[in-house]
Amino acid sequence: MASPDRTGAREPMLPVPYQVTSRQAETHDSVTLRLDPLGERLPMAQPGQFSMLAVPRIGEVAISASGVPQPGEASLEHTIRAVGAVSRALHDARPGTVLGVRGPFGTTWDLPSAAGRDLVIVAGGVGLAPLRPVILGALAERDTYRRVCLVAGARTPAEFLFRRELDAWACHPDLEVDLTIDQPSAGWNGQVGFVTEPLARLRLDPRRTTAFLCGPEPMMRFCAQGLLRKGIAAGDIRLSLERNMQCGIGLCGHCQLGPILVCRDGPVVGYALAGPLLSIGEL
Amino acid sequence: MTAPHPAGPVVITRDGLDRLVEALITDGYQVIGPTVRDSAIVLSELDSARALPAGWGVETGPGLYRLHRRDDAAVFAHSAGPGSWKQFLHPPRRQLWSTDADGGYQPAQTPAPRYAFLGVRGCDLAAIRILGRVLGEGAHPDGAFARTRQALFVVAVNCTEPGGVCFCASMGTGPAAGPGYDLALTEQIDESGHWFVAEAGTAEGERILAKVPQRSASVAEKEGAKADVSGAAQRMGRAMPSVDLPALIRESVASPHWEDVASRCLTCANCTMVCPTCFCTSTEEVSDLTGDHAERWQRWASCFELDFSFMHGGSVRQSGASRYRQWFSHKLGTWHEQFGSSGCVGCGRCIAWCPVGIDITEEAARLAGLDPGPDQDRA
Amino acid sequence: MNGVHEALAGDPLFAGLSGTELGLIAAAARPVRLGARERLLREGDPARGCWLIHSGCVALDLAVPGRGQVVVQTLGRGDVLGWSWLVPPYRWQFGAVTVQPTTMTELDTAQLQAVAEQDPRFGYTLTLALFGALALRLQATRARLLDLYRVPDGQP
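Sequences listed follow chains R, E and F, in order.
Positions 666 to 948 (the working numbering) are the ones given, in order, by the first sequence.
Positions 15 to 393 (the working numbering) are the ones given, in order, by the second sequence.
Positions 58 to 213 (the working numbering) are the ones given, in order, by the third sequence.
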């Protein structure tokens with residue numbers, strides 16, 4: 666996957682203060698924060714990359730960018746689900762809160778390399794957040810790509826992220842959108858089933874399809890297998906991986922997956938490399 | 015009396031070694047070298063060469079490390095102490111930054127030490143080179159490490175007495191010290207006296223060596239020193255099997271061998287602490303009671319820790335077998351892909367300091383013996 | 058009949074079947090077209106027939122006291138609807154109702170079973186094809202059972 670140039674000579678373990686300038690609740694436990702620099706500006710995260718977000722006195726976690734750089738703006742956009750002490754503190758952060766940011770780090774989705782091809786974007790749960798930049802990027806240059814298909818799964822209808830945008834995308838004439846839920850839910854007239862099921866129903870041309878997957882690892886594995894069954898090459902399937910990250914810069918050793926350092930050789934990794942590694946238990 | 019800078023090896027006496035340490039201290043270096051403490055030979059700041067472990071040797075074996083009195087006054091005739099030079103280049107605890115109520119982040123004001131390492135063996139010199147690649151040559155180098163290493167003066171020693179757990183020869187890191195020293199010494203001690211064949215490896219090494227009384231080494235002395243070192247290479251107590259370890263490890267991911275080791279391994283993490291190339295760290299947030307002042311610290315971590323791979327409510331590697339496999343596979347296998355060399359330098363510390371005596375060379379041999387080969391089906 | 062045969066030949070479900078075998082199935086098949094919100098199957102009714110969905114959406118539902126008709130699964134293009142004709146007690150365990158206008162091929166399972174009695178080889182091939190679809194459905198259902206998107210337990 667493409668890797669941007671080395672960041673400047675600044676100390677990479679030292680956070681830069683950014684202020685929360687808006688907070689949008691997505692679901693009962695997820696929010697999207699907009700962060701603006703108070704002084705020093707970091708380079709903008711490209712689709713697929715992540716930043717280390719620090720809450721003073723609590724800790725630091727790796728969160729993928731969920732927005733795209735806007736020309737002339739320095740805002741960062743991150744969607745955070747409260748699953749631990751730090752992410753809960755980030756989730757609760759009100760506008761005005763000052764956080765520490767380090768980054769951007771990691772490999773990108775490299776959307777431009779899929780120019781002229783059909784895009785299949787498969788999101789499971791909060792995996793939709795790191796994929797949102799792919800959708801926005803494809804929409805911003807819609808003619809660069811052929812079909813753009815989104816398959817997004819969530820536990821229940823209320824747990825879809827970016828609900829208003831999803832509804833708009835579902836009506837978009839140039840997007841094919843399949844939303845599906847895992848749990849039977851009253852009041853939902855849409856698809857019920859695991860995300861592999863609408864994915865299996867797509868008629869795809871394996872010669873010109875690039876797939877972007879993000880979600881829980883078993884979900885990505887099942888989806889990748891489903892795509893392979895359709896004849897899509899492992900090299901055309903990209904996953905966003907996750908591991909324990911403490912430094913984000915390839916020095917702490919926590920994020921290893923076999924030979925890969927997920928912070929440096931990922932988070933976006935091709936399935937040809939990731940597939941065999943993910944099938945090994947406790948690797 | 016100092017001689018003008020000779021080309022090639024010189025001989026310095028035991029007193030010359032004292033002068034060498036004095037010269038380094040006078041020059042502003044903090045001399046770190048071996049010394050006896052708590053029934054072991056540890057690395058510590060030395061205020062003179064008198065603190066060296068003269069006449070002390072070690073008996074080492076799997077799960078075994080004992081000091082014993084030698085019948086001579088050799089100062090470098092030991093190996094596999096519990097500490098390695100990494101504790102000075104990559105400290106066990108280091109503050110990264112602090113923040114106060116104003117929200118700004120201040121980098122920690124850590125002094126850049128100017129160390130002179132006295133007594134670095136081939137294995138440990140190779141380990142310093144490896145740490146240099148890991149911590150200093152990535153896209154985001156560790157600044158504190160780089161500064162400390164930049165200012166470092168290395169007095170290497172060529173080993174003439176391999177320890178019971180040493181296998182540097184089979185790892186290509188010793189017993190002769192490889193490149194990267196400012197000075198290299200080969201200790202010679204017998205009835206006729208106690209002296210060192212000394213050789214400079216850099217201009218800075220020459221500069222310091224010039225302050226020590228010396229004379230040119232005779233051919234016999236040079237050859238004698240060389241012979242002692244190459245003789246040591248023949249007397250290693252063990253060897254890493256000469257197989258393609260990265261390939262073997264890739265093929266052995268589902269081997270029953272890991273459960274076998276796990277039945278013995280306590281996941282105590284001793285091996286990672288004493289290993290001179292293990293570099294993993296964790297970060298911690300520390301704050302005072304008012305909550306106004308917070309600091310971020312970095313501390314050594316080990317892949318054997320139960321929550322080392324914690325994510326999403328649980329650790330990826332929970333079983334002891336998976337954690338041992340991770341350490342072994344990284345050290346001898348994936349390190350090559352990540353950093354371009356093996357992570358193991360053959361110092362043997364992990365063997366000596368393992369409470370149950372797990373021997374990494376023996377485990378590699380067992381794995382090779384169990385390897386069904388690339389044609390076999392893997393379940 | 059040709060249209061039905063074509064539809065079957067193009068269905069990945071029957072990718073491994075020979076032309077003759079496809080012909081046997083086509084002889085027991087007919088096209089079906091339903092509007093939205095039409096009930097196709099009633100839970101508890103005798104199970105006869107099986108459907109290959111070509112377009113649209115069908116919801117499988119179950120009456121749960123206090124929750125009404127609960128939709129447990131939706132099916133679409135390429136999915137098979139109806140298994141209970143093959144296993145005792147030969148009664149539908151769930152209901153099925155269209156969500157959108159839906160086109161399907163309906164298979165006369167009694168006829169197919171009769172053919173299979175005479176031609177076990179055909180019966181085996183047909184059963185394997187259906188088994189493959191069922192296996193994927195089971196895998197997806199198990200994945201849902203894992204509740205992968207829930208908040209993880211345990212905190213660091």
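For every residue, glycine included, the Cβ atom is placed at its ideal position computed from N, Cα and C.
This one's a predicted model, so the numbers in the text were calculated from it and none came from an experiment.
- Taking a Cβ-Cβ cut-off of 7 angstroms, the neighbours of F:THR131 in chain R comprise GLN856, VAL857, GLY858, given in sequence order.
- For E:ASP138, the uninterrupted alpha helix (DSSP H) run begins and ends at 136-150, by DSSP.
- When Cβ-Cβ separations below 8 angstroms define contact, R:ILE914 makes contact with chain E.
- Apart from sequence neighbours up to five positions away, the residues of its chain that approach E:VAL300 with a beta-carbon distance below 8 angstroms are ALA308, GLU309, ARG310, TRP311, ordered along the chain.
- Non-local C-beta neighbours of E:ALA130 in its own chain, meaning closer than 6 angstroms and more than five positions away in sequence, comprise LEU38, TYR43, VAL45, PHE167, ordered along the chain.
- At least one CB of chain R lies nearer than 8 angstroms to the CB of E:SER333.
- Neighbourhood of R:CYS917 in chain E, by CB distance below 9 angstroms: PHE293, CYS294, THR295, SER296, THR297, GLN312, ALA315, in chain order.
- C-alpha of R:PRO734 to C-alpha of R:ILE897: approximately 31 angstroms in a straight line.
- Against chain R, a Cβ distance below 7 angstroms from E:THR113 picks out PRO721.
- As summarised for the region 158-210 of chain E, the continuous alpha helix (DSSP H) elements at least 4 residues long and confined to that stretch are 182-185, given in chain order.
- Only PRO883, MET884, PHE887 from the region 882-903 of chain R bring a Cβ to less than 7 angstroms from some Cβ of chain F.
- Using a 10 angstroms sphere on the CB of R:GLU806, the tally of other CB atoms stays under 16, which defines it as exposed.
- When DSSP states are grouped into helix, strand and coil, E:TYR79 belongs to the strand group.
- In the same chain as F:ALA190, and ignoring 5 residues on each side of it, the C-beta atoms closer than 8 angstroms to its own belong to LEU70, ASP136, VAL137, in chain order.
- Residue R:VAL813 holds the alpha-carbon nearest to the alpha-carbon of R:ASP870 among R:TYR683, R:ARG767, R:VAL813, R:GLY935.
- By the rule that beta-carbons nearer than 8 angstroms mark a contact, E:TYR119 touches chain R.
- For E:ALA239, the enclosing alpha helix (DSSP H) starts and ends at 233-248.
- Inter-residue distance for R:PRO883 and E:ILE372 is about 35 angstroms (C-alpha atoms, whole angstroms).
- Rounded to whole angstroms, R:ALA851 and F:LEU117 show a C-alpha spacing of 14 angstroms.
- R:MET717 sits in a strand when the DSSP states are folded into three classes.
- Within a 10 Å sphere around the beta-carbon of R:THR744 sit 16 or more other beta-carbons, which makes this residue buried.
- For the pair E:GLY117 and E:VAL169, the CB atoms are not nearer than the 8 angstroms cut-off.
- DSSP places E:ARG264 in the helix class (H, G or I) of the three-state scheme.
- Annotated three-state conformation of E:MET325 is strand, per DSSP.
- Counting C-beta pairs with one atom in each stretch, the region 702-716 of chain R and the region 759-775 of chain R have three or more that are closer than 8 angstroms, which means they touch.
- 8 angstroms or more divides the Cβ of R:LEU755 from the Cβ of R:LEU700.
- Taking a cut-off of 8 angstroms on C-beta distances, the region 143-150 of chain F does not touch the region 68-87 of chain F, as fewer than three cross pairs fall below it.
- Bridge pairing for F:GLN170: absent [DSSP].
- For R:THR861, the enclosing alpha helix (DSSP H) covers residues 861-866.
- Taking a cut-off of 8 angstroms for Cβ pairs, the region 25-41 of chain E and the region 222-242 of chain E touch, as three or more such pairs fall below it.
- By the neighbour-count criterion, in which 16 or more other beta carbons inside 10 Å mark a residue as buried, R:GLY946 falls on the exposed side.
- Chain R places a beta carbon closer than 8 angstroms to that of F:VAL156, counting this residue as a contact.
- Secondary structure of R:GLU947 (DSSP, three-state): coil.
- For R:ARG903 and R:THR861, the gap between their C-alpha atoms comes out near 16 angstroms.
- The residue from E:ASP85, E:THR124, E:ALA246 with its alpha-carbon nearest to that of E:GLU205 is E:ASP85.
- DSSP places E:VAL35 within a helical segment (H, G or I) once states are collapsed to three.
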